[in-house]
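S.K.: In the UniProt record's numbering, the protein residues as written are 1 to 113.
Cβ coordinates follow ideal geometry from the N, Cα and C atoms, glycine included.
Keep in mind the model is a prediction, meaning the values are calculated, not measured.
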């Protein structure tokens, strides 16, 4: 899934706004899906028969219902290693999921203070 936005520092705010508006349309999202396989964020495009007939895409769209956008901030770099270690502890070492992930959260909080 891709999202589009207009950077407030752009030298061309109108052009950026027009592009974001275009890229968000059903037609543009369907074209992007057909060309690249990127799952549409536009609800009308996601409901298209071609999109709705692909089991992988349907599974991704179902997950969107329980998802939140990932922030585009430098602090996200402090998330990946603790989370990978926490998940590995659960999946490979049989550790308690709550304990392992609470530990990962504490590491992330310490790294982003």
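(1) Candidates 96, 15, 81 and 50: which alpha carbon is nearest residue 32's?
(2) Taking residue 44 as the reference, give the member of 67, 59 and 26 with the closest Cα.
(3) Expressed to the nearest angstrom, what Euclidean distance is found between the alpha-carbon atoms of residue 62 and residue 39?
(4) Mind pulling the beta strand (DSSP E) runs of 3 or more residues that sit fully within the segment 24–91?
(5) For the putative contact between residue 7 and residue 16, defined by C-beta atoms under 8 Å, what is the C-beta separation to the nearest angstrom?
(6) According to the Cβ coordinates, are residue 90 and residue 82 closer than 8 Å?
(7) Going by Cα to Cα distance, which pick from 94, 95 and 76 is closest to residue 107?
(8) For residue 66, which residues in the same chain have their Cβ closer than 7 Å to its Cβ, ignoring the five residues on either side in sequence?
(9) Thinking C-beta only, is residue 88 closer than 8 Å to residue 104?
(10) What residue from 102, 11, 78 and 53 has the CA that sits closest to residue 113's CA?
M.R.: On the basis of the coordinates in this document:
(1) By one-based count along the chain shown, residue 32 stands at place 32. The option with the nearest alpha carbon to residue 32 is 50.
(2) Along the chain shown, read from residue 1 onward, the residue named residue 44 stands at position 44. Considering only alpha carbons, the answer is 26.
(3) Position 62 of the chain shown, counting from 1, holds the residue named residue 62. Position 39 of the chain shown, counting from 1, holds the residue named residue 39. Rounded to the nearest angstrom, the two C-alpha atoms are 11 Å apart.
(4) none
(5) Reading the chain shown from its first residue, position 7 is the one you call residue 7. Reading the chain shown from its first residue, position 16 is the one you call residue 16. About 7 Å; that satisfies the 8 Å criterion.
(6) Numbered from 1 along the chain shown, position 90 holds the residue referred to as residue 90. Numbered from 1 along the chain shown, position 82 holds the residue referred to as residue 82. For residue 90 and residue 82, no; Cβs fall outside 8 Å.
(7) For the purposes of this step, residue 107 is identified with residue 107 of the chain shown, where counting begins at 1. Nearest of 94, 95 and 76 to residue 107, Cα basis: 76.
(8) Numbered from 1 along the chain shown, position 66 holds the residue referred to as residue 66. So the list is empty, once near-sequence residues are dropped.
(9) Along the chain shown, read from residue 1 onward, the residue named residue 104 stands at position 104. Along the chain shown, read from residue 1 onward, the residue named residue 88 stands at position 88. No, Cβ-Cβ distance for residue 104 and residue 88 is not below 8 Å.
(10) One-based indexing of the chain shown puts residue 113 at position 113. Ranking 102, 11, 78 and 53 by Cα distance to residue 113 puts 78 first.
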